[in-house]
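Below is one structure, written out as structure tokens; comments come after it.
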Amino acid sequence: MFTGIIEELGTVAALERRAESAQLTVGCPVIAASLEPGGSVAVNGVCLTVTRAAGGRFTADVMGETLARSGLGALAPGDPVNLERPVPAAARLDGHIVQGHVDGTGRVAGRRAADGWQVLRIGVGPGLSRYLAEKGSVAVDGVSLTVSAVSEAGGAGPRPGGENWFEVSLIPQTLARTTLGARNPGSVVNIEVDVLAKYTERLLAWHGRLPAAAGLSAARPAAGDPR
């Protein structure tokens, strides 16, 4: 379990692609010393299991489902990545409940400067936008953020007149300490919606209050640690 509070910007050392999986190695001198094989770490919001940790680096296996549902497969040596270790049970929940199970990806549609912060607009499909609400929580590349605006509901299909989108406001701390400070229009980002929204939809559908979910509950499982 994570909170979406990024601890360190790591650097991709290698991404070894295999037939249906990959092996990712990340340099991270701050947190690598505390990582152990079998432990978990969130990389751009994706929960991965550490297989090796030594010399200021860790290595993790990335299964095919994770490559298909997240942006990890597009990483290259030298790319920065957001890193977070699991939150201790006695720690403060500074962000929101983040599972590290990425539901899909969005694409940065634009960014604009405000007075002391920046606003990021992210385009998403209806399978994700249905779970996003103004002033609700969302994890973007593993960063816990508050949704500041959303496009009008568009039903099961694409929103009439354009793409579904949501906006988040980024304070200077977030811009400086996460990858979101360098995400420009066209960049792909990992999205994890609020788990409470997913469970609510599933429960209502189970009890006949909603038709079979057209969103995440009817899709493939989210990317992340399969344990």
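Residue numbers for the sequence shown follow the numbering used here, beginning at 46 and rising by one. In this text, a Cβ means the ideal position worked out from N, Cα and C, and glycines have one as well.
Do three or more CB pairs link the segment 149-156 to the segment 76-90 at distances below 8 Å?
At 8 Å Cβ cutoff, the stretches do not touch.
Indicate whether the contact test is met: 3 or more Cβ pairs, each with one atom in the segment 102-112 and one in the segment 187-198, closer than 8 Å.
These segments do not touch.
Using three-state DSSP, classify Leu168 as helix, strand or coil.
Per the sequence presented here, residue 168 reads as Gly, with Leu not at that position. It is a strand residue.
CB contact flag (Ala58, Arg130, <8 Å)
No, these two residues do not count as a Cβ contact at 8 Å.
For Pro82, the residue or residues it bridges with in DSSP:
According to DSSP, Pro82 bridges with nothing at all.
Integer Cβ distance of Gly116 from Val234, believed to fall under 8 Å
With 8 Å as the limit, Gly116 and Val234 qualify as a contact, their Cβ atoms being about 7 Å apart.
From Val169, Ala158, Val132 and Asn209, residue whose alpha carbon lies closest to that of Gly49:
Closest by alpha carbon: Val132.
What residue range is occupied by the uninterrupted beta strand (DSSP E) comprising Gly145?
It is not in any beta strand (DSSP E) - Gly145 carries neither H nor E in the DSSP assignment.
Nearest-angstrom Cα separation, counted from Arg97 out to Gln68
About 11 Å.
What ranges does the beta strand (DSSP E) occupy inside the segment 209-247, keeping only unbroken runs of at least 3 residues that lie completely in it?
Listed in chain order, they are 209-215 and 233-238.
C-beta atoms of Val185 and Leu225 nearer than 8 Å:
Yes. Within cutoff.
Is the distance from the Cβ of His146 to the Cβ of Gly55 below 8 Å?
Against a cut-off of 8 Å, the Cβ pair of Gly55 and His146 comes out as no contact.
Applying the 10 Å Cβ sphere with the 16-neighbour rule, what's the burial state of Ala263?
In this predicted model, Ala263 has a pLDDT of only 44, less than 50, meaning its place in the structure is not dependable; the value taken from the coordinates is given anyway. With fewer than 16 other Cβ atoms within 10 Å, it is exposed.
Can you have a look at Ile236 and say buried or exposed, based on whether 16 or more other CB atoms are within 10 angstroms of its CB?
Of the residues assessed, Ile236 falls on the buried side of the cut-off, its CB having 16 or more other CB atoms within 10 angstroms.
Closer than 6 Å by C-beta to Glu65: which residues in its own chain qualify, once you throw out the five before and the five after it? Chain order, please.
Answer for Glu65: Gly109, listed in chain order.
What residue range does the alpha helix (DSSP H) around Arg114 cover?
Here the alpha helix (DSSP H) through Arg114 covers Gly109 to Arg114.
Along the beta strand (DSSP E) that carries Cys92, what are the first and last residues, could you check?
Counting along the chain, the beta strand (DSSP E) containing Cys92 begins and ends at Val91 to Ala99.
I'd like to know whether the C-beta of Arg228 is nearer than 8 Å to at least one C-beta of chain C.
Among the chains in the structure shown there is no chain C, since it carries only a single protein chain.
How is the beta strand (DSSP E) around Glu129 delimited, first residue to last?
Counting along the chain, the beta strand (DSSP E) containing Glu129 begins and ends at Pro125 to Glu129.
Only counting the same chain, and skipping five residues up and downstream in sequence, which positions put a Cβ closer than 6 Å to that of Arg166?
Same-chain partners within the cutoff: Ala154, Gly155, Trp210 and Glu212.
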